[in-house]
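Q: The structure follows.
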Amino acid sequence: MGNKTFTITDNETGKRIELPALKDGQGIPAIDISTLYRDHGYLTFDPGFQSTASCRSGITFIDGDKGILRYRGYPIEQLAESSSFLEVSYLLMNGELPGKEKLDDFVSMISRHTMLKESLRTFYKGFYHDAHPMASMVGVVGSLSAFYHDSTDVHDPRHRVIAAHRMLAKMPTIAAACYKYSIGEPFIYPKNSLSYCGNLLHMMFSVPSEDYVVDPVAEKALDMIFILHADHEQNASTATVRLSGSSGSNPFACISSGITALWGPAHGGANEAVLHMLNEIGDTSNIAKYIAKAKDKDDPFRLMGFGHRVYKNHDPRATIIRKMCYEVLEKFGDPNDPMFELAMGLEEIALKDDYFIEKKLYPNVDFYSGIIYKALGIPTNMFTVMFAVARTVGWVSQWMEMISEPGQRIGRPRQMYVGKDVRDYVPVEKR
Ligand code: SDX
Numbered sequence: 001m002g003n004k005t006f007t008i009t010d011n012e013t014g015k016r017i018e019l020p021a022l023k024d025g026q027g028i029p030a031i032d033i034s035t036l037y038r039d040h041g042y043l044t045f046d047p048g049f050q051s052t053a054s055c056r057s058g059i060t061f062i063d064g065d066k067g068i069l070r071y072r073g074y075p076i077e078q079l080a081e082s083s084s085f086l087e088v089s090y091l092l093m094n095g096e097l098p099g100k101e102k103l104d105d106f107v108s109m110i111s112r113h114t115m116l117k118e119s120l121r122t123f124y125k126g127f128y129h130d131a132h133p134m135a136s137m138v139g140v141v142g143s144l145s146a147f148y149h150d151s152t153d154v155h156d157p158r159h160r161v162i163a164a165h166r167m168l169a170k171m172p173t174i175a176a177a178c179y180k181y182s183i184g185e186p187f188i189y190p191k192n193s194l195s196y197c198g199n200l201l202h203m204m205f206s207v208p209s210e211d212y213v214v215d216p217v218a219e220k221a222l223d224m225i226f227i228l229h230a231d232h233e234q235n236a237s238t239a240t241v242r243l244s245g246s247s248g249s250n251p252f253a254c255i256s257s258g259i260t261a262l263w264g265p266a267h268g269g270a271n272e273a274v275l276h277m278l279n280e281i282g283d284t285s286n287i288a289k290y291i292a293k294a295k296d297k298d299d300p301f302r303l304m305g306f307g308h309r310v311y312k313n314h315d316p317r318a319t320i321i322r323k324m325c326y327e328v329l330e331k332f333g334d335p336n337d338p339m340f341e342l343a344m345g346l347e348e349i350a351l352k353d354d355y356f357i358e359k360k361l362y363p364n365v366d367f368y369s370g371i372i373y374k375a376l377g378i379p380t381n382m383f384t385v386m387f388a389v390a391r392t393v394g395w396v397s398q399w400m401e402m403i404s405e406p407g408q409r410i411g412r413p414r415q416m417y418v419g420k421d422v423r424d425y426v427p428v429e430k431r
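Here the working numbering is used: the first residue of the sequence shown is 1, the next is one more, and so on.
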């Protein structure tokens, strides 16, 4: 922004601090405070990072007020309509849409890296039989660096690409094995002849004792849901991946940290929490009671699947996925499914309620994704696992962008210390 600056004045001492303005690209204008502590001895305070840009990124653009989401400049609506998850994955990782030959090579290469080391399969046996699939996914992904020493030098661009491709290729196999282990069924090997999402459905739902045919409607629905969940700028899990990556941790460990952050019900765990909430509400006669609970400051209950830190208008992904809900239920479920009927009733009432309107709490992508997963026969405890599979390409793309940034440094926030002042140790006999 040329020489534009912002001035902060200490109204007690009159001291004035000038800070440079930043306006890179189409993003929100920023004030560069990176030298504030070094030059002036002040920190800024922003718990939850509501007003903090932690990095520069060219991967995903969100305008929360206008409900805009673009991957590398392409509107999410066009990608959801016309692209495929692996083509979008190539775009996110490389910055450009691939030509046919490059896309074919990429798809073929990912397909050929879907297998896990056989000894990795024994890891699952160590988990208790009723382990939550997200718990086993965190453990297994974190262990990958024990198997792939040849792609953990984060400063070698070739290693970074190999590790990224391995993560993208193996997550469906890991996810399906988490599911199979949780239901006590044998693991199913990937089939390279199937599409990315077709393979995931095959590894989840086929059994050795009979043939399984991937349903094209389910395959297309899953592919589109994965496109919608692929990346979302600096959300909690992506910020976690960047922070753990900033210390030079290997990519497998970084992705495992992202999975743990995603698990929370305020983030990727919301899709599972939506179904639990709908089960708790039970039927449309209880909606008013739960809307009142969500509005009650003294009640910790929140309407899961509503609200968003960035979208203060509709979540463009929710608009796309809501339409798909009907198509999937037409094919697989009962459009009068009481769960769906309850969800639509809740959505209708909440959207008219002054509290939700005033606080700009609209349904987000997680409000609808769980309903579709349920119609596809995916159990509730696998919803966030599916989100993790889709978001892996966003995590690895953001990690690669961060680690290859010139002058990349470890992330190390400071704090406002509110604890005890200095005091002397007291021997236990005198306490
Ligand atoms: C995802 O960041 C991303 O991009 C995430 C994500 C991605 O793709 O990576 O989009 C995926 O995580 C979507 C969000 C899924 N989470 C949920 O659906 C859980 C329910 N939503 C809330 O927990 C909440 O809305 C958040 C966490 C999503 C956003 O929280 P914020 O931005 O910190 O908002 P807030 O908690 O400060 O709430 C603002 C006000 C509060 O009231 P006041 O204190 O101002 O009086 O709105 C209220 C909140 O009490 N509020 C809700 C509410 N969400 C916010 N009240 C009832 N129900 C809700 N769902």
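Where is the CB? At the ideal position from N, CA and C, for every residue including glycine.
What first and last residue would you give for the alpha helix (DSSP H) that runs through residue 133?
A: Stepping through the sequence shown from its first residue, residue 133 is reached at position 133. That run of the alpha helix (DSSP H) goes 133 to 143.
Q: Is residue 128 closer than 9 Å to residue 271 when the C-beta atoms are compared?
A: Here residue 271 refers to the residue found at position 271 when the sequence shown is read from its first residue. Here residue 128 refers to the residue found at position 128 when the sequence shown is read from its first residue. No, Cβ-Cβ distance for residue 271 and residue 128 is not below 9 Å.
Q: Give a single yes or no on whether residue 305 has its beta carbon closer than 8 Å to a heavy atom of the ligand SDX.
A: Here the question's residue 305 lines up with position 305 in the sequence shown. At least one heavy atom of the ligand SDX is nearer than 8 Å to the Cβ of residue 305, so yes.
Q: Among 320, 305 and 358, which has the Cα closest to the Cα of residue 343?
A: Taking the first residue of the sequence shown as 1, we reach residue 343 at position 343. Closest option to residue 343, Cα to Cα, is 305.
Q: Return helix, strand or coil for residue 315, following the three-state DSSP convention.
A: Stepping through the sequence shown from its first residue, residue 315 is reached at position 315. DSSP places residue 315 in coil when its eight states are reduced to three.
Q: Hey, would you say the C-beta of residue 53 is under 8 Å away from at least one heavy atom of the ligand SDX?
A: Residue numbering aside, residue 53 sits at position 53 when the sequence shown is read from its first letter. Checking the Cβ of residue 53 against the ligand SDX gives no.
Q: Let me check you understand the geometry: is the CB of residue 310 closer than 8 Å to at least one non-hydrogen atom of the ligand SDX?
A: Counting from one through the sequence shown, the residue named residue 310 turns up at place 310. Yes, the Cβ of residue 310 comes within 8 Å of a heavy atom of the ligand SDX.
Q: Just the C-alpha distance for residue 165 and residue 110, rounded to the nearest angstrom, thanks.
A: Taking the first residue of the sequence shown as 1, we reach residue 165 at position 165. Taking the first residue of the sequence shown as 1, we reach residue 110 at position 110. Each residue's alpha carbon lies about 7 Å from the other.
Q: Would you mind reading off the limits of the alpha helix (DSSP H) that contains residue 225?
A: As a first step, residue 225 must be located in the sequence shown, where it is residue number 225. Unbroken alpha helix (DSSP H) run through residue 225: 216 to 229.
Q: Tell me where the alpha helix (DSSP H) around residue 242 begins and ends.
A: As a first step, residue 242 is located in the sequence shown; it is residue number 242 there, counting from the start. Its alpha helix (DSSP H) spans residues 236 to 246.
Q: Determine the closest residue to residue 183 out of 133, 192 and 400, with distance taken between C-alpha atoms.
A: In the sequence shown, counting from the first residue as 1, residue 183 sits at position 183. Of the candidates 133, 192 and 400, the one whose C-alpha sits nearest the C-alpha of residue 183 is 133.
Q: Where DSSP assigns a beta bridge to residue 21, which residues make up the other side?
A: The residue you call residue 21 lines up with position 21 of the sequence shown. Answer by DSSP bridge pairing, in chain order: 31.
Q: In chain order, what residues of the same chain have a beta carbon less than 8 Å from the beta carbon of residue 283, not counting five sequence neighbours either side?
A: Within the sequence shown, numbered from 1, the residue matching residue 283 stands at position 283. The residues are 338 and 342.
Q: Excluding the five sequence neighbours on either side, which residues of its own chain have a C-beta within less than 7 Å of the C-beta of residue 224, listed in chain order?
A: As a position in the sequence shown, residue 224 is number 224, starting the count at 1. So the list reads 80 and 324, once near-sequence residues are dropped.
Q: Taking 9 Å as the threshold (C-beta atoms), are residue 32 and residue 43 in contact?
A: By 1-based counting over the sequence shown, the position of residue 43 is 43. By 1-based counting over the sequence shown, the position of residue 32 is 32. No, the Cβ-Cβ distance between residue 43 and residue 32 is not below 9 Å.
Q: For residue 213, is the classification buried or exposed, using 16 other Cβ atoms within 10 angstroms of its Cβ as the cut-off for buried?
A: Within the sequence shown, residue 213 is the residue found at index 213, counting from 1. That one is exposed.
Q: Determine, using beta-carbon pairs with one atom in the region 152 to 166 and one in the region 246 to 262, whether at least three such pairs fall under 8 Å.
A: Verdict: yes, contact present.
Q: Please report the distance separating the alpha-carbon of residue 418 from that of residue 78.
A: If you number the sequence shown from 1, residue 418 lands on position 418. If you number the sequence shown from 1, residue 78 lands on position 78. About 49 Å.
Q: Any heavy atom of the ligand SDX inside 8 Å of the beta-carbon of residue 149?
A: Counted from its first residue, the sequence shown places residue 149 at position 149. For the ligand SDX, not one heavy atom lies less than 8 Å from the Cβ of residue 149.
Q: Give me whichever residues DSSP pairs with residue 61 in a beta bridge.
A: Counting from 1 along the sequence shown, the entry for residue 61 is found at position 61. BP columns for residue 61 point to 70.
Q: When DSSP labels each residue in this structure, what does residue 52 get in the three-state scheme?
A: In the sequence shown, residue 52 corresponds to position 52, counting from 1. Three-state result, residue 52: coil.
Q: Identify whether residue 449 lies in helix, strand or coil by the three-state DSSP scheme.
A: For residue 449 there is no data in the structure shown, the boundaries of the chain being 1 and 431.
Q: Taking its Cβ as the centre, do 16 or more other Cβ atoms sit within 10 Å of residue 29, making it buried, or is it exposed?
A: On the sequence shown, position 29 is the one that residue 29 refers to. When all chains shown are included, residue 29 counts as exposed.
Q: Does the beta carbon of residue 11 fall short of 8 Å from some heavy atom of the ligand SDX?
A: On the sequence shown, residue 11 is found 11 positions in, with the first residue counted as 1. Residue 11: no, Cβ never under 8 Å from the ligand SDX.
Q: Please name the residue in 106, 260, 34 and 187 whose C-alpha comes closest to that of residue 441.
A: Given that the chain is displayed from residue 1 to residue 431, the structure contains no residue 441 and the question cannot be resolved.
Q: Per DSSP, residue 76 is paired with what?
A: In the sequence shown, counting from the first residue as 1, residue 76 sits at position 76. Bridge partners of residue 76: none, in fact.
Q: Going by the CB atoms, is the gap between residue 275 and residue 383 shorter than 9 Å?
A: As a working note, residue 383 is residue 383 in the sequence shown. As a working note, residue 275 is residue 275 in the sequence shown. Yes, these two residues count as a Cβ contact at 9 Å.
Q: Run the CB neighbour count on residue 416, radius 10 Å, all protein chains shown included, and call it buried at 16 or more, exposed below.
A: Within the sequence shown, the letter at position 416 stands for residue 416. Residue 416 is exposed by the Cβ-count criterion.
Q: For residue 255 versus residue 167, is the C-beta distance shorter than 9 Å?
A: Working through the sequence shown from its first residue, we reach residue 255 at position 255. Working through the sequence shown from its first residue, we reach residue 167 at position 167. Yes; because the gap between Cβ atoms is below 9 Å, this pair is in contact.
Q: Name, in chain order, the residues that DSSP records as bridge partners for residue 16.
A: For the purposes of this step, residue 16 is taken as residue 16 along the sequence shown, with counting starting at 1. In DSSP, residue 16 forms a bridge with 9.
Q: With a threshold of 8 Å, are at least 3 pairs of Cβ atoms found where one atom belongs to the region 389 to 407 and the other to the region 80 to 93?
A: Yes, the region 389 to 407 touches the region 80 to 93.
Q: Can you tell which of 363, 294 and 326 has the C-alpha that lies nearest to the C-alpha of residue 312?
A: Taking the first residue of the sequence shown as position 1, residue 312 is located at position 312. That would be 363, whose Cα lies nearest to the Cα of residue 312.
Q: If you check the beta carbons only, do residue 179 and residue 422 fall under 9 Å apart?
A: In the sequence shown, the residue the question calls residue 179 occupies position 179. In the sequence shown, the residue the question calls residue 422 occupies position 422. No; because the gap between Cβ atoms is not below 9 Å, this pair is not in contact.
Q: DSSP three-state call for residue 363: helix, strand or coil?
A: Against the sequence shown, residue 363 aligns to sequence position 363. Strand.
Q: Three-state secondary structure (DSSP) at residue 301?
A: Taking the sequence shown and counting its residues from 1, the one referred to as residue 301 is at position 301. Residue 301: coil per DSSP, three-state reduction.
Q: Could you tell me if the beta carbon of residue 419 falls within a distance shorter than 8 Å of some heavy atom in the ligand ATP?
A: Looking for the ligand ATP in the displayed structure turns up nothing; the ligands present are the ligand SDX.
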